[in-house]
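Undergrad: Residue numbers are given in numbering that gives the first Met the number 0: position 277 of the sequence shown equals residue 276, and the series is strictly consecutive.
Okay, here's the structure, questions in a sec.
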Amino acid sequence: MRYVSLSAIGDAVSSNCPNTFNFRLFGKGFWLCLILTAAVCLHLPAGASAALNLTAEERSWLNSNPDKLVLWFNTEFPPIEFISENGEFTGMGADVIALVEQELGVEFIKQPSEDWNEHLAALKSGACAVAPTIVATEERKLYAEFTTPYESAPVVIITGNQIQESLELSNLEGMRVAVVSGYASEEYLRKQPNLDIEMIPMPDVVHALRATSFGQVDAYLENIAVAGYYIEKEGIANLHVAGATDYSFAWSIGISGKYPLLASAVKKAMASIPSKDLESVRRRWIFLDIDPKWSGETLRLFAILSGFAVLLAAGLFVIAYVLKMRLQEKITSLDEAHKKISEQAKMLRIAAEAAQAGMWDFHVQERLSFLSTQWFSMLGYSRNAEVLSFEDFQDFIHPEDLPGLANHFRDYIDGGGRSLLEYEARFKQADGSWRWVLSKGRAVERDERGRPTRIIGLNVNIQTVKDAQEKVKQSEAKFRAIFDNAPYAIVINNLEDGKLVDANKAFFVNRGLSGPEDFANIPPNGFSTMSREEVQAIINQLAKTGKLDGYETELVNVDGSRGHIVFSSVVMEVAGRKQVLSMVVDITDRKQAEMQLRQSEEKFSKIFSMAPFLIAISRLDDETILDVNNSFAEVTGWKRREIVGQNASDINFWADPATREGMIHEIMQGRDVLNREMDFCCRNGEIRSGLYSARAIQLSEGWAFLFVMQDITEHKKLEKEQQRLQSQLLQAQKMEAVGTLAGGVAHDFNNMIGAIIGFAQLAMNKMDQSHPLHETFSQILDCSFRSASLTRQLLAFARKEIVEPMILDINTAVEELLKMLQRLISENIKLHWTPGPGPLIVKLDPSQLDQVLANLCVNARDAIADIGDITIKTQLQVFDEQTSLIHPDCLPGEYVMIAVSDTGCGIDEKTLAHIFEPFFTTKPQGRGTGLGLATVYGIARQNSGFVKVYSEPGKGATFKVYFPRYTREENQVKKEEKAISQSRGETILLVEDDAILLKMTTNMLLHLGYKVIATASPSEALRLAEISEEEIHLFLTDVIMPDMGGRSLADAVDKIRPGIKILYMSGYTTNAIVHQGVMEKGVNFIQKPFSLQSLAQKIRTMLD
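What follows is the structure, given as structure tokens:
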């Protein structure tokens, strides 16, 4: 049996057929001839296999690490190694590995690999322990160990049929040469010195062969065994071997450097495999087997063919010589054309790279596209040139652009492809984003019907153009949005003639027009009031400088009103014509606001200077006073020029600096200070009170604060006086309460006291002073008078006492009381009388004057511990309206003052606030009732007067009682008669519902010598008045009675007895009887209890 190696065939092709070797000649006859020709000199004997001798460590590792025995095999590298149709590892490498497994007694874990670079990385990391078919290179030896090669195949140069000349590596200068990425041929080609080629890595052999077939690359380097297998399998008819290289694929088993014990074991296993077994594997996959048992017919045919071959060789030699000469000429011509084509291709690549254009080559019938490396790099992919199906190519197109692109191609092909194919689409980049690409192509091949079958073109990145277009579009949209919606008017005019070209809505609104539909209603001057000269000056400036800033002018609106505008303009060129864009701001409101502001500032200035409040403006940071108004200067006593520029501390304005610090702190916190009280110092040292507010304000020179204060010094004084009056009101209310209580019991009490007084006086009048009971009755009478006086005091300070004012000369009245007053105070106290110039006339009930002086003298006596002085002084005093403001009880006019001063212990301020309160006393229990000063106060107020007191502890006290001076009938001063007036025989009709008082009054009248008609019933009184034959001179009646009031009864009696004198009597208070009409002017009245003397005097006064 004879065998011929494919490697030998490759060598024969390279040496004997330099021009071409067409894979289509690999028919059986040709193979048979070549094999028979070469079989004469080639025969490989079988070798012996070495015995396997593993170390204990190697055997132990194999037994302990079955999971690490991972073998990766290439699925696309037939016939060396590939994956079968049923998914199993097959090929020459699979058979060699089976022998190794048999020798080691192990089974490798087979894992298919479709990426050779990933395959190599796994071998380096140890994820792949064994690579069954690999070429040992210097780079791979750094991370793997290799067995002795078990087969080799030469690496050849494969080209398309368009290149017919024989090629060597040096002839590839300037060409695009494909290699499979990661294959040993790639590393071999990279290491070639001074070889200027464009190496195009391909993912696998099929892609590389297709790229070569389609002309997308000029040549392809691959070992002849694998290349021949795929060319036959894929049916690629337009490829041939154009030349050989000095490099062959020597296949070994590669073991990862991570497993040295496995490497040594595999190497021993390979060495122990008999050579005949390895040769059997090679014959199966690479060698053709010819059956040695030939028949006679076969031998006869072989002899004939041999003779024919000799004759054919001789003939061919002659023909070959002639053709060789002509071929040499053709080769020279083709070499020159090839050089030109190479130069043009190189220039085309340089131009494409410079333009950053990616080339594409689309084969219509195969629906395949060759995409250059630049095509991928333009989109950010780190990929070499590839051949993609049209479906894979579509994955790069944006879904929205894909229908349009398909339509472009269909229309171009259907239309015969006579013009330029051009379209724009978005392509997916490596980072997932999209990039706009302009694609231009042209048909270069057509079928018999003229339809394009091949289209070649370039892709150019137009993203920058698209971005620029989008920016321009957005800019135009922004301009239009701003132009249409700007709050200010925008107008565009021709520079040459000033004609209005365009205006926005704000322009029409500001001028009183509806909108752009009123464009025709715009006057030629555009509402301007400028003169022609002024307009021309503006045009000249715009033509010279190209802009105009802040020009202010006046316009006339549609309705005739005038407005103010300010505009800025810039010259721009639109469609070759210069136009002026102007921004117009209507400042009519601002002008009016400025005028109003000036008026407001003028008003503020006037208000500031004339305001009755103290106003100051100070800087917030250092409190320097910026300005003050006139009131501030007048109240503080400083001149304005002396204050401005100073600090508040410099003029010692704040009486309490802590108040100022608190105000500044609150203002700095952003709060207003409102209605705070403070004390401030004037220039003369006077401390006054103020109510101030302050807030921060922003001025042109920075932050300041406005200080406004009202001088409330006088208000504080009035407030203090008001508090005093409030206290007095409270006192008066207390007095009113006590008076109400006293009035409630006054009637019954007065009746009882009146009876006691009356009967006691009657009894005393019937006995001598030497009578043993005279003194007793005298004491009874004295106690009764004192009790009656107590009731009068209660009613007096409550102003419910029934008084009978008389015209008195105060000096005379006081002199008559001096002896009585001296008896009230003891002998160790001197009583001094200092009458003022008289007469000092007042209208006053004499008994009230007695009570005032008695209470004040007794009060003064009690304040003097041992010896001392009491002074009574009278004086006429005039009060004006200013005094009335300070003392509201005092009305302007003349007053008679009665002052009682003492040298006693004095009164402190706390006690002074309560001295006029009823029942308030500082005397020990049992020594005072607390009604004395309250009575004085009540009598003064009852007679339209008032009381003032002056005292300090240890310095005595002075009480001043003021009564209004009476200016009429000054000489008709009435004096109470001392003697008891007797009757002159008159008859008196008496009515009293109280039986005791009826009896007492009857006895008093009888004692005085009057005839008495007495009754307890008002109706009886009427009957007696009517039936009595005697003349009745006087009718004496009680005011309040159960059946009929005294006034009604008196009116009825007066009708019976016209002209009869009527005298009313009552023990009720003034409020109780005033409603009976008894207190009217001209009505005679006597208050119960009354004495015999007062009754006699009253009756005699009326009858006389």
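Idealized CB from N, CA, C, for every residue including glycine.
(1) Starting from the C-beta of F29, find all residues in its chain whose C-beta is less than 8 Å away, skip the five residues before and the five after it, and write them out in chain order.
(2) Does DSSP put R409 in a helix, a strand or coil?
(3) Got a sec, what are the start and stop residues for the beta strand (DSSP E) G905 sits in?
(4) How is R822 classed by DSSP in three states: helix, strand or coil?
(5) Would the beta-carbon of A703 fall within 8 Å of that of R618?
(6) S294 to T147, Cα distance in whole Å?
(7) Where in the region 913-956 do unbroken runs of the alpha helix (DSSP H), each at least 4 residues long, occur, reported from the N-terminal end onward?
(8) Just to confirm before moving on: does the CB-CB distance between D901 and I869 stay below 8 Å?
(9) Exposed or buried, what is E774 when buried is set at 16 or more other beta-carbons lying within 10 Å of its beta-carbon?
(10) Consult DSSP for M582 and reduce its assignment to one of helix, strand or coil.
(11) Whole angstroms are fine: how far does the CA of D413 sit from the CA of G449?
(12) From the DSSP output, in three-state form, read off T1000 for me.
(13) Taking only runs of the beta strand (DSSP E) that begin and end inside the region 108-184, which ones reach a length of at least 3 residues, in chain order?
(14) Quick one: what's got a C-beta closer than 6 Å to L277's C-beta in the same chain, skipping five residues either side?
(15) I'd like the list of long-range same chain contacts for V707, defined as Cβ closer than 6 Å, with 5 residues on each side in sequence excluded.
(16) Counting only the same chain and skipping the five closest in sequence on each side, list residues whose C-beta sits under 6 Å from that of I1061.
(17) Measuring CA to CA, which of A236, S846, S255 and A224 is closest to A282?
(18) Give me the Cβ distance between A654 and I624, rounded to the nearest whole Å; I'm assuming they're in contact under 8 Å.
(19) Since A249 contacts L53 with CB under 8 Å, what's their CB separation in whole angstroms?
(20) On the CB-based measure, 16 or more other CB atoms within 10 Å of its CB, does F1125 come out buried or exposed?
(21) Shorter than 8 Å from the beta carbon of G1044 to some beta carbon of chain D?
(22) Give me the Cβ distance between G753 and K998, rounded to the nearest whole Å; I'm assuming they're in contact under 8 Å.
(23) So, L122 versus L61, is the Cβ gap smaller than 8 Å?
(24) Look at the alpha carbon of L41 and the alpha carbon of A120, and state the distance between them as a whole number of angstroms.
(25) Quickly, what does DSSP pair P200 with across the bridge? List them, please.
(26) What residue range is occupied by the uninterrupted alpha helix (DSSP H) comprising H397?
(27) Assuming contact is defined by CB atoms lying nearer than 8 Å, are I157 and E221 in contact in what I supplied?
(28) Return the chain-ordered ranges of every alpha helix (DSSP H) run that is complete within the region 638-711 and spans a minimum of 4 residues.
(29) Check each candidate in S604, V584, E600 and H664 and name the one with the smallest Cα separation from D621.
(30) On a CA-only basis, which of Y229, P398, G689 and V935 is nearest T658? Give me that one, please.
(31) Considering Q598, what are the terminal residues of the alpha helix (DSSP H) in which it resides?
(32) Please report the straight-line C-alpha distance between L875 and Q1092, rounded to a whole angstrom.
(33) Measure the C-alpha to C-alpha separation of A143 and Y258 and round it to an integer number of angstroms.
(34) DSSP has Q874 in a bridge; who is on the other side?
(35) Count Cβ pairs between the region 450-467 and the region 539-557 that sit closer than 8 Å; are there 3 or more?
(36) Which residue wins for smallest C-alpha separation from S1018, given the options D992, N73, R409 and G440?
TA: To lay it out plainly:
(1) Reliability fails at F29, whose pLDDT of 36 lies under 50, so the model's placement of it is uncertain and the value that follows must be treated cautiously. The answer is none, since no qualifying residue turns up.
(2) helix
(3) No beta strand (DSSP E) holds G905; DSSP gives it neither H nor E.
(4) Note: R822 maps to helix in three-state DSSP.
(5) yes
(6) Interpretation of S294 is limited by its pLDDT of 44, a score under 50 that renders its predicted location unreliable; the figure taken from the coordinates is listed afterwards. Roughly 41 Å separates the two Cα atoms.
(7) 931-941
(8) yes
(9) exposed
(10) Residue state, collapsed to three classes: strand.
(11) 10 Å
(12) Helix, per DSSP.
(13) 108-112, 129-134, 143-145, 150-159 and 175-179
(14) Y149
(15) F612, I614 and S692
(16) F1034 and A1049
(17) Contrary to the premise, residue 282 reads as Arg rather than Ala in this sequence. Selected option, being the one with the closest Cα: A224.
(18) With a Cβ gap of about 17 Å, A654 and I624 do not count as contacting.
(19) The Cβ separation is near 26 Å, so there is no contact.
(20) Shown here, the chain extends from 0 to 1103; a query on residue 1125 therefore has no answer.
(21) The structure shown contains no chain D, having only a single protein chain.
(22) Rounded, the Cβ-Cβ distance is 12 Å, inconsistent with contact.
(23) no
(24) Note that L41 scores 36 on pLDDT, short of 50, meaning its location in the model is unreliable and no value can be drawn from it.
(25) In the DSSP output, where bridge partners are listed per residue, P200 has V178.
(26) Element bounds for H397: n/a, residue is neither H nor E.
(27) A contact, by the Cβ cut-off of 8 Å.
(28) Fully enclosed alpha helix (DSSP H) runs of 4 or longer: 639-642 and 656-667.
(29) H664
(30) G689
(31) T587 to M609
(32) 34 Å
(33) 9 Å
(34) M896
(35) With a cut-off of 8 Å, the region 539-557 and the region 450-467 do not count as touching, because too few Cβ pairs lie within range.
(36) Selected option, being the one with the closest Cα: D992.
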